[in-house]
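In my numbering, the protein residues as written are 976 to 1136.
The structure is reproduced here in structure tokens:
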């Protein structure tokens, strides 16, 4: 069985193209983040909140969208809250958000093209470190759930790169 985030990705495949995410967030970002906030703050099932966090993770894949999210401290605090939640599904989805926020495709291209020094995501990483995300990721690398542990380790590797 595929993780729920993968189901979400297949449903939202047309939105996953980075430029489309950025276009949508540039024109409707405020409304989208308001809807996400309402869902994450309300009494919804774990599944609904997990799907919402996965949508947020997909949004965090766009370059402009990353910047929009990084200026929304309230949303970052919500992601941080769900990283520490007692439900592993919500922890996984929130950690997926963080992975996308700290990852930068341009960083990969720099390494591939022999530049060997990722640079585009450094400011985002620094801000998330200051907000305590690295401490939570470090704790999650010791999680009993192997998927959560692996996702946290992958995110931590971005900080060590």
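C-beta: ideal position from N, C-alpha, C; glycine also.
Is residue i helix, strand or coil by DSSP?
i: residue 1117; result: coil
i: residue 1106; result: coil
i: residue 1075; result: helix
i: residue 1059; result: coil
i: residue 1040; result: helix
i: residue 1082; result: Model confidence at residue 1082 stands at a pLDDT of 46, short of 50, so the residue's coordinates are unreliable; what they give is reported in the following sentence. Residue state, collapsed to three classes: helix.
i: residue 1018; result: coil
i: residue 1090; result: Confidence at residue 1090 is low in this model, with a pLDDT of 46, below 50, so its placement is unreliable and the value that follows should be read with caution. Of the three classes helix, strand and coil, the one that applies to residue 1090 here is coil, per DSSP.
i: residue 1070; result: helix
i: residue 1096; result: coil
i: residue 1046; result: coil
i: residue 1035; result: coil
i: residue 998; result: helix
Can the beta-carbon of residue i be found closer than 7 Å to that of residue j?
i: residue 1135; j: residue 1072; result: no
i: residue 1099; j: residue 1076; result: yes
i: residue 1131; j: residue 1103; result: no
i: residue 1004; j: residue 1054; result: no
i: residue 1047; j: residue 1021; result: no
i: residue 1027; j: residue 1014; result: yes
i: residue 1127; j: residue 1070; result: yes
Compute every distance between the C-beta of residue i and the non-hydrogen atoms of the ligand NAP, then say whether any falls below 6 Å.
i: residue 1042; result: No copy of the ligand NAP appears in this structure; indeed no ligand is present at all.
Three-pair Cβ contact test at 8 Å for the stretch 1059 to 1070 versus the stretch 1038 to 1045: Between the stretch 1059 to 1070 and the stretch 1038 to 1045, the count of Cβ pairs shorter than 8 Å is below three; the stretches do not touch.
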